[in-house]
Amino acid sequence: MHHISHLALAASLISSALTSPVDVTGKKTVSIADIKGKKTFSVEQVLAKKQQMQAPALSMLKTYAKFSGTAPVQLKAAAAAIQAGTVQATPQNYDMSYLCPVSVGGQTLNLNFDSGSADLWVYSTLQPTSQQSGHSIYDPSKSSTSQLLVGNTWSIKYGDGSSASGNVYADKVIIGAVTATSQAVEAATSVSDSFLKDVNNDGLVGLSFSNINTVSPNQQKTFFDTVKSTLALPLWTANLKKGAPGTYDFGYIDSSKYSGKITYVDVNSASGFWQFTADGYQIGSSSTVSSSFVAIADTGTTLMYLPSSSVTAYWAQVTGSGYDKNQGGYTFPCSSTLPDFNLVVGGNKFTVPGSYMNYAQISYTTCFGGLQQNTGLSFSILGDIFLKSQFVVFSEVGGKASLGIAAMYNGTPGEDDGDEWECHAAAVQQKELEAWKMINQEGGEMKVMHRREDAGVRHTDLQAAALTAASPMIAAEWLFDRYKVAVDMHKALQSPRYEYHFFAWSQSPQSIMSEFISFLPPPGLALANYDSAALHSTQSPDVPEVFRDAMSVREDVFVKEQKVALENEVDIDDARSFHWVAYASVGTSGSDGNAAMDGVTKDSATSAEHTGRKGSTAMKLPVGTIRLVPPPHPPHPQPGSSHKIDNHEGLPQDMQSGLSKTEMHDGKEAYIKLGRLSVLQPFRGLGLARLLIDAALTWASQNVDKILPPMSPAAAEQRKLELGGGVEVEDVWRGLVLVHAQAQLEKYWALFGFVKDESMGTWEEEKIMHVGMWKRVEFDSESTGGRKKSVVG
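Numbering (mature numbering (1 follows the signal peptide of the UniProt record, and there is no 0)), first residue to last: -19 to -1, 1 to 774.
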């Protein structure tokens, strides 16, 4: 099955220069692109060092105390009984506790990110020694950057008598890739027993609003308020998970982590919390109840606390459930199948799966519910039971607080779901495994990663094995110094919950150009006589062969599949763009060749330019293409506009009234634009798109001067006239990349590190909805010739 090997090889020609590196131990080493010269970062939770859970009643009492609520009498009694030892205190089979590593004064602590408070407080050496046990602690004397804020103290006192207090320092706090050089750090001098019993965390990072910070007399900013001006966007997102570590992302929205659209609602920040109004609820498949209520989104609260009417209605659907005064909340038989709970926000429904409503097993047959009444509280609370089933955006974009909610993207086995394994999987049959094993050479190594999911929890096993030398033909075609090939075999194994991925590395660095990918610099006048109303196969021989190959793919994908008018497919940018075309060697005889050719048009397969390889029965077939358009560019499309490419003037209609700058682009910085990415249908899912994107960006990072040559005196004079003189002008590309992505492919582009620019909205190109997405890549500074910016005038 040689054609499979060749296609796999073509799919595997993936440059390692710009893709996120993969550590085979399973640790994620992805760094998010720095958009607009500002920061974005992601923080992954870690498993708490000790898994000890409070009894549900104690957890609920702590929540009431946190928000100064009046706890129901029966809840107080249940908590008292537990503290007296008359009721089991530690539930079983609860969800795991996850924290986030934070550097405070150069010391790493595991802290709880809490959107329901505004203090960054930590356990410290200022506490009695007896209170320090079991925690990582902050020692101000060991920090070279700590400074005592003399006269300032903090104190948290709750209605149940629990408290924490201490002194305040200004110190360097690092979370992810962002540093707050003078962040208020509240170092505890004393904490009450109820805090000491929570051995899972070393303190809190408050992420609510600074107006409820407890430092006195000089109220301090939260970490988010301190750093938000340095972020690409003033927002953060929570992607929490049940039974697995989640992530908090700052400065950007990772569209690979949610499905559908994000629904935004206004937030009443005056309350100090992420407070909003919900519209109603639905239980299972019953009718929706329209009943608005005020709620807050709180990552520091475990359960959901909602109005009594919705809670009683929910548990009425569960046989054997009821309010247990000994536990202070609703319990149910553990054998029950719980209905889903749908919360209505902004006119849309967001589902909490019934399985999430089982908070903890409190006896052999009885479980405690994750949904409880908010009696005695001034608002409802959407804690982790809700948040772990949604993707949530905490935004202050435009100076206005809002909360965004979307369904969490869970992915399915075999999809490239943007996790820590940087691979693009292709489903293959068991019998084809031997063909993949041929992709090897002496000194090569194949690493096998077996992933499985058990009750929603992912387990990973990694094995490494050196393979014997493979076919000389295959070895000779292995052109990269390091490449990754992933084979997803779950379909062949008929086990939809299992995945097998194979990673291979070569040891010999080679050029990114090969017989499997061709590069064409801007063709310029060579396209002057290109007939845009005619197919590529009828064009003049003067048209470069690589461009005709690119058009053969674009005609199949855009013209035939997506119904773009042929005359609009070639535009004026083609003449000034850099082009790449990926090829596959496909067998021309036998069943394998026929299988490979299935779905490929006859004219594209038999064109004279597709020459067979010497000594083999294969043809060189163009299967994918991409182009890179250098600066300058017209204004960004106007949100809601509709246009097509005008081949005579080269500018999209309605562009002149477009945006000159956006949230992610200042309107001045030079950027390149990737476009016309397309792969023939029979060859999708093999990593060819990744191959093309990486080839283009690798070339760009090494050839900055070819993208934007130095500005000539005449050009500088022209810019002077246009801008009025004394204006700083970008005459060097600094790594900023834009794509006008088809809206349906937004999540796909996100896998490559592109971030959606919300301010660009959506618009139509050739009746297809598009969005703007940005990425910043590293580049070879030597290739700029030392240029930075020019001042005109």
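Note that beta-carbon positions come from the ideal geometry of N, C-alpha and C, so glycine has one too. Note that this is a predicted model, so its numbers are computed, not measured.
Quiz item: Residue range of the alpha helix (DSSP H) that Arg535 falls in?
Solution: 526 to 535
Exercise. Kindly provide the ranges of any beta strand (DSSP E) runs that are 3 or more residues long and lie completely inside the stretch 307 to 344, ordered along the chain.
Key: With a minimum length of 3 residues, the continuous beta strand (DSSP E) runs that stay inside the stretch 307 to 344 are 310 to 314, 322 to 326, 329 to 333, 339 to 342.
Practice problem: Along the alpha helix (DSSP H) that carries residue 850, what are the first and last residues, could you check? | Solution: The shown model of the chain, from -19 to 774, leaves out residue 850, and the question about it has no answer.
Practice problem: Quick one: grab the DSSP three-state call for Glu167. | Solution: strand
Quiz item: Between Ser291, Val545, Asp100, Asn249, which lies nearest to Gly184 when the distance is taken from Cα to Cα?
Solution: The shortest C-alpha separation from Gly184 is found at Asp100.
Quiz item: What did DSSP end up calling Phe204 once you bin it into helix, strand or coil?
Solution: helix
Quiz item: My guess is that Trp561 and Ala670 are in contact by the Cβ rule of under 8 Å, so how many angstroms apart are they, rounded?
Solution: That belief does not hold up - the Cβ atoms of Trp561 and Ala670 are roughly 11 Å apart, past 8 Å.
Quiz item: With DSSP run on the structure shown, which of helix, strand or coil describes Tyr229?
Solution: strand
Quiz item: Which same chain residues, not among the five before or five after Gly621, have their C-beta less than 8 Å away from its C-beta?
Solution: The answer, listed in chain order, is Gly742, Thr743, Trp744.
Practice problem: Could you check what DSSP says for His517 in three-state terms: helix, strand or coil? | Solution: helix
Quiz item: Which one or two residues does DSSP pair with Val562 in a beta bridge?
Solution: Ser499, Thr606
Practice problem: Can you tell me which of the three DSSP states Met741 falls into? | Solution: helix
Quiz item: Where does Val154 land, buried or exposed, given buried means 16+ other C-beta within 10 angstroms?
Solution: buried
Quiz item: Cα separation between Val551 and Val660?
Solution: 17 Å
Practice problem: Measure the Cβ-Cβ separation of Trp296 and Ser290 and say whether it is below 7 Å. | Solution: Cβ atoms of Trp296 and Ser290: not closer than 7 Å.
Quiz item: Just the Cα atoms here: how many angstroms apart are Pro334 and Asn220?
Solution: 16 Å
Quiz item: Using the C-alpha atoms, what's the distance from Val103 back to Gly309?
Solution: Pairing Gly309 with Val103, the inter-Cα distance amounts to about 31 Å.
Quiz prompt | C-beta atoms of Val186 and Leu92 nearer than 7 Å | solution = yes
Quiz item: Alpha carbon to alpha carbon, what distance is there between Asp152 and residue 776?
Solution: There is no way to answer for residue 776, as the model of the chain reaches only from -19 to 774.
Exercise. Taking Ile386 and Thr244 to be in contact with their CB atoms under 8 Å, please state how far apart those CB atoms are, rounded to whole angstroms.
Key: About 5 Å; that satisfies the 8 Å criterion.
Quiz item: So, helix, strand or coil for Pro121, using DSSP?
Solution: The DSSP-derived three-state label of Pro121 is helix.
Quiz item: Quick one: any contact between the stretch 362 to 372 and the stretch 314 to 334, if contact means 3 or more CB pairs under 8 Å?
Solution: yes
Quiz item: When you compare only the Cα positions, how much space is there between Met645 and Ala731?
Solution: Between Met645 and Ala731, the C-alpha separation is close to 15 Å.
Quiz item: From Val720, Tyr511, Ser98, Thr160, pick the residue whose C-alpha is nearest to that of Lys735; which is it?
Solution: What sits at residue 735 in the sequence shown is Phe, not Lys. Considering only alpha carbons, the answer is Val720.
Exercise. Specify, as a first and last residue, the run of the alpha helix (DSSP H) that Ala681 falls within.
Key: 669 to 683
Quiz item: Just to confirm, are Thr312 and Phe257 a CB contact at a threshold of 7 Å?
Solution: No, the Cβ-Cβ distance between Thr312 and Phe257 is not below 7 Å.
Practice problem: Could you pull out every residue in the same chain whose Cβ sits closer than 7 Å to the Cβ of Val527, ignoring the five residues on either side in sequence? | Solution: Ser499, Leu501, His560, Val562
Quiz item: If we ignore side chains and look at the alpha-carbon of each, how far apart do Lys544 and Ser336 end up?
Solution: When rounded, the separation of the alpha-carbon atoms in Lys544 and Ser336 is 44 Å.
Quiz item: By the 10 Å Cβ neighbour count, where 16 or more other Cβ atoms means buried, how is Phe190 classified, buried or exposed?
Solution: buried
Exercise. Return the first residue and the last residue of the beta strand (DSSP E) that Tyr104 is part of.
Key: First-last for Tyr104: undefined, no H or E at that position.
Self-check item: Cross-strand partners of Ser197 (DSSP beta bridge)
Solution: Thr134
Quiz prompt | Distance, Phe331 Cα to Asp738 Cα | solution = 24 Å
Self-check item: When Thr346, His116, Thr106, Lys748 are compared against Gln723, the one with the closest alpha-carbon
Solution: Restricting attention to Thr346, His116, Thr106, Lys748, the CA atom closest to the CA of Gln723 is found in Lys748.
Quiz item: Sorted by chain position, which residues of the same chain lie with C-beta nearer than 7 Å to His116's C-beta, five sequence neighbours on each side aside?
Solution: For His116, the CB contacts under 7 Å within the same chain, skipping 5 residues up- and downstream, are Tyr104, Asp183 in chain order.
Quiz item: Quick one: what's got a C-beta closer than 7 Å to Leu689's C-beta in the same chain, skipping five residues either side?
Solution: Pro611, Pro612, Ala651, Asp712, Val713, Trp714
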